[in-house]
Amino acid sequence: MTKSLINQKHFFSLLFFALLLAMPINSYAQTNTNISNNNGKSRISISNNGKDFKIEYEGDITLSNDDTDIVAISSGGFIEIERSSFGNRRRIVIESDRNGNLIKKYFEGRTEKNFTPEGQKWLAEVLQEIVRTTTIGAESRVNRFYNNGGANAVLTEIKRIESDYVKAAYFKLLLNKTLNNNDLVNVIDTAGNEIESDHYLASILTSNQKAFLSSNQTITAYINAAKSLESDHYITNVLKKVINDKSISDSQMDSLLEIATNINSDHYVTQVLTEVMDSRALNSQNISKIISLSKDIQSDHYKTQVLKKVINDKSLPSNAYNEFLNTLSDIKSDHYISIVINELIDNVGSSSGRYSLNKLLDVVKNSVGSDHYAATIYMKIANQNLSDDQLVSALNSLTHIQSDHSMSQALMAFANKVKNSPERVKSAYRAAAKSIGSDHYYGRAVKAID
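Here the sequence shown stands for residues -29 to -1, 1 to 421, numbered as in mature numbering (1 follows the signal peptide of the UniProt record, and there is no 0).
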């Protein structure tokens, strides 16, 4: 029985090992690329499934039209390509002399061989891989594809490239060309679909924004591409650059801020909205968008930061204040909502006509649960230049405060104004005082206006 069990285990071990060997080696393939630049020299190291490339070059390199040969290097430039594959090492060195003539050398191991035909054949092979994993010859290749087939030909080649770094370089070279509206839409769409790295996609979206945002079609494509960004950091960077572009109209800005709905972090949403307020004059259109986006902020702390900045912007249109007040009910913390309301009263006053005091009183009554914070707000309102009607409204609103202590404090803050007001204001004060249950606090409140 034991021997049978051992044999069975041995059988399954051998079966697993056989299956492992049968699996395609490529399934374990992984390409690692390292790039460095120093004093004009570029070094590229590529490791791919046991095959290692080392490339060092300086100067502008031009490839043949079929990408099988190097036909020119700028004066004083060079390129050295070394490849190791399972212990076998080959190397090519090509230098440009002062007259622009190319000196080509080919090595197998440490032994120099004839460049023609052995070296030429090997160069043709490795260049097919190099041109799609590095930016070597990128400018000449983009020029060639563009001259032969326009932007679409370049985009077709970009789709064959695996590295996001190389794709981004090709996109930027293409954007230096004269592109029509359809070309720009295709470039933006392709970038959004082809580039997985947020870093490289963001670098493209911020590289030529004036052209990208030149029409409704390109703006739509731009928004869709930006929505494929997953990093809140990079979305914010893209939006900040858009916001600071003064050539973008408020109508365009309204559309572009839709990108911000993809930001999950309250911190980064706050950065975007703050950037809008720092860089642009507020009007009915963009303040509505800011207020709308602030509703998506879950943190009372960050929401308060945004709303305080809205309050402190002296260019805020009068008709935007009531819309602003509607957002206060989204703040859950009595502490933070009282900060915003007190800031509003400090900066605008409650009788300026820029917003409805009754609307503000409704917010306090329905959204501030703490008697202490509610009383603090009423005490600040009492210090404003109020009309008789506003005094009556404020006094009538006070009765929702349950604490006799807080109620008496808030009520007595109005006493000096009530003393010099018509009888109807005094009647409203006395009526509010009757909601105080404690004889002690009731007596103090009534005595304050006698």
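Just so it is clear, CB atoms sit at the ideal spot from N, CA and C, and this is done for glycine as well.
Among the options, nearest to residue i - alpha-carbon criterion
i: S341; options: L362, S377, L210, H411; result: S377
i: D317; options: S45, M350, A182; result: M350
i: K212; options: D237, I175, T189, H238; result: I175
i: E229; options: N195, I17, E246, I268; result: N195
i: E29; options: D23, S13, S18, D37; result: S13
i: V363; options: N329, Y344, V339; result: N329
i: D216; options: Y239, N179, S202, S236; result: N179
i: N59; options: I26, N354, R81; result: R81
i: N354; options: N313, L146, N151, N70; result: N313
i: V389; options: S218, D421, T87, H343; result: D421
i: P393; options: S358, I262, I190; result: S358
i: N257; options: E294, A404, L34; result: E294
i: T39; options: G71, L73, E27, W93; result: W93
i: S272; options: K303, A291, Y292; result: For the sequence presented, residue 272 should be read as His rather than Ser. Closest by alpha carbon: K303.
i: N337; options: L315, L296, N356; result: L296
i: M248; options: T232, I190, V281; result: V281
i: T232; options: Q269, L369, L253, S255; result: Q269
i: I407; options: K418, I6, S379; result: S379
i: F49; options: D237, S67, I41; result: S67
i: I159; options: K148, T191, G121, N147; result: T191
i: T241; options: N254, I261, Q223, S255; result: I261
i: S168; options: F142, E201, T127, H306; result: E201
i: Y344; options: I206, N157, I372; result: I372
i: S218; options: D23, L244, S186, V243; result: S186
i: Q223; options: Y413, K405, Y412, Q188; result: Q188
i: M383; options: K405, A416, A403; result: A416
i: L73; options: L34, E89, G414; result: L34
Start-to-end residues for the beta strand (DSSP E) that takes in residue i
i: T33; result: 32 to 34
i: F142; result: Where F142 is concerned, there is no enclosing beta strand (DSSP E), although the alpha helix (DSSP H) it sits in stretches over 135 to 145.
i: S379; result: Premise fails: S379 lies in the alpha helix (DSSP H), 375 to 383, not in any beta strand (DSSP E).
i: N59; result: 59 to 67
i: T82; result: 82 to 84
i: L357; result: Note, L357: premise wrong, no beta strand (DSSP E); not H, not E.
i: V42; result: 41 to 44
i: S55; result: 49 to 56
Sub-9 Å separation of residue i and residue j beta-carbons
i: D360; j: S409; result: no
i: D225; j: R251; result: no
i: A381; j: Y400; result: no
i: Y25; j: I17; result: Correcting the residue identity first, residue 25 is Lys in this sequence and not Tyr. Contact: yes.
i: S265; j: V277; result: yes
i: T275; j: I310; result: yes
i: I352; j: V334; result: no
i: L210; j: A197; result: yes
i: E63; j: F86; result: Looking at the sequence provided, one finds Ile at residue 63 rather than Glu. A contact, by the Cβ cut-off of 9 Å.
i: V125; j: L145; result: yes
i: A173; j: L150; result: no
i: D203; j: H238; result: yes
i: V396; j: L369; result: no
i: A122; j: N157; result: yes
i: D284; j: L253; result: yes
i: I214; j: E246; result: yes
i: residue 464; j: N3; result: No statement about residue 464 is possible, as the shown extent of the chain runs from -29 to 421 and does not include it.
i: R103; j: N36; result: no
i: K148; j: Y193; result: no
i: R69; j: D23; result: no
i: E51; j: I41; result: no
i: Y412; j: K405; result: no
Element boundaries [alpha helix (DSSP H), containing residue i]
i: S259; result: 255 to 265
i: E100; result: 91 to 101
i: K390; result: 386 to 390
i: K279; result: 271 to 283
i: S406; result: From DSSP, S406 is part of no alpha helix (DSSP H); its letter is neither H nor E.
i: K75; result: Element bounds for K75: not the alpha helix (DSSP H) but the beta strand (DSSP E), 73 to 79.
i: K336; result: 328 to 338
i: N293; result: 292 to 298
i: L126; result: 109 to 131
i: A372; result: The sequence as given places Ile at residue 372; Ala does not occur at that position. No alpha helix (DSSP H) holds I372; DSSP gives it neither H nor E.
i: A353; result: 342 to 353
i: I159; result: 152 to 165
i: D249; result: 237 to 250
Residue i CB to nearest heavy atom of the ligand NAP below 8 Å
i: T82; result: Among the ligands in the structure shown, none appear at all, so the ligand NAP cannot be discussed.
Alpha helix (DSSP H) segments (min. 4 residues) lying fully within the segment 168 to 235: 169 to 176, 180 to 183, 187 to 197, 203 to 214, 221 to 227, all fully within the segment 168 to 235.
contact_flag[the segment 131 to 145, the segment 92 to 101] where n(CB pairs < 8 Å) is 3 or more: Result no; under three Cβ-Cβ pairs closer than 8 Å.
Does the pairing of the segment 105 to 122 with the segment 59 to 79 give three or more beta-carbon distances under 8 Å? In this structure the segment 105 to 122 does not lie against the segment 59 to 79, because fewer than three pairs of beta carbons, one per stretch, are closer than 8 Å.
Are at least three pairs of beta-carbons, each pair with one atom in the segment 37 to 51 and one in the segment 134 to 146, less than 8 Å apart? Contact between the segment 37 to 51 and the segment 134 to 146 is absent, because fewer than three Cβ pairs lie under 8 Å.
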